[in-house]
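Asks: Protein chains in written order, with my numbering: chain A, 1 to 113; chain B, 1001 to 1114.
First the structure, then my questions, so here it is.
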């Protein structure tokens, strides 16, 4: 079946450090890929998405590129802020699977001032 | 414009009881999906409702059932609660027009089973 694997956390960084959170997927076909963020006590918010190979999703300084060759969608940010502290989820959606999202296990990011 | 709303916010039940959770989709959305998020894990898809019918279902037992009303709101029912059903239950809605990459999540209902 389809699955998503993320690096385990927590990831602890100092403010203004560079962030990478790894995400790889297994899918029978070409899914759409997403990063969602969950702040403490809140639901999920879509951070960015990419729908086909080589697409780059970006939002709020975060970026991720859909790499078909390596089946990856790593999340990056050049300079993190304390306010970026949250749990980040990588997810995929197969186009023949309705709106069903398959999520990774999440990576907690903690940014220290 | 209100986003996706869910009620109640928190709920405590005992094993064997039944529970009903509610979701109102974002304005203009007609499709509702439900997810279960156990502590420290990613959300898992339970099922999706569109035009008042269950369209897709994840790997969850029949104890989990749902309903969608003509106003597109939805309920999730869980019977014969188990300790393992303790989780955050998330509702997501998406706009009319079929499967889409655009989904909005509600804040969730935290269910604790004692």
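Glycine included, each C-beta is placed from N, C-alpha and C at the ideal position.
(1) Using only alpha-carbon positions, find the residue among 35/A, 31/A, 26/A, 37/A that is nearest to residue 51/A.
(2) Looking at chain A, is there any beta carbon in it that lies within less than 7 angstroms of the beta carbon of residue 1015/B?
(3) Looking only at C-alpha atoms, which of 15/A, 7/A, 25/A sits nearest to residue 70/A?
(4) Report yes if the CB atom of residue 1088/B is closer than 7 angstroms to the CB atom of residue 1037/B, and no otherwise.
(5) Determine contact between the region 31-46 of chain A and the region 55-71 of chain A, defined as no fewer than three beta-carbon pairs at a distance below 8 angstroms.
(6) Please name the residue, chosen from 1064/B, 1046/B, 1062/B, that lies closest to residue 1056/B on a Cα-to-Cα basis.
(7) Kindly indicate if chain A contains any beta-carbon less than 7 angstroms away from that of residue 1108/B.
(8) Taking C-alpha atoms, which residue in 78/A, 82/A, 102/A lies nearest to residue 89/A?
(9) Just the Cα atoms here: how many angstroms apart are residue 22/A and residue 40/A?
(10) Relative to the alpha-carbon of residue 1080/B, which residue among 1003/B, 1026/B, 1015/B has its alpha-carbon at the smallest distance?
(11) To the nearest angstrom, how far is the alpha carbon of residue 1041/B from that of residue 1069/B?
(12) What residues in its chain sit with their C-beta under 6 angstroms from that of residue 45/A, if we drop five residues either side in the sequence?
(13) Does the CB of residue 1042/B have a neighbour CB from chain A at under 7 angstroms?
(14) Run through chain B and tell me which residues come within less than 8 angstroms of residue 89/A, C-beta to C-beta.
(15) Is the Cβ of residue 103/A closer than 7 angstroms to any Cβ of chain B?
(16) What does residue 80/A pair with, by DSSP beta-bridge criteria?
Replies: With the given structure in hand:
(1) 31/A
(2) no
(3) 25/A
(4) yes
(5) yes
(6) 1046/B
(7) yes
(8) 102/A
(9) 21 angstroms
(10) 1015/B
(11) 30 angstroms
(12) 37
(13) yes
(14) 1042, 1043
(15) yes
(16) Answer is none; residue 80/A lacks a bridge partner.
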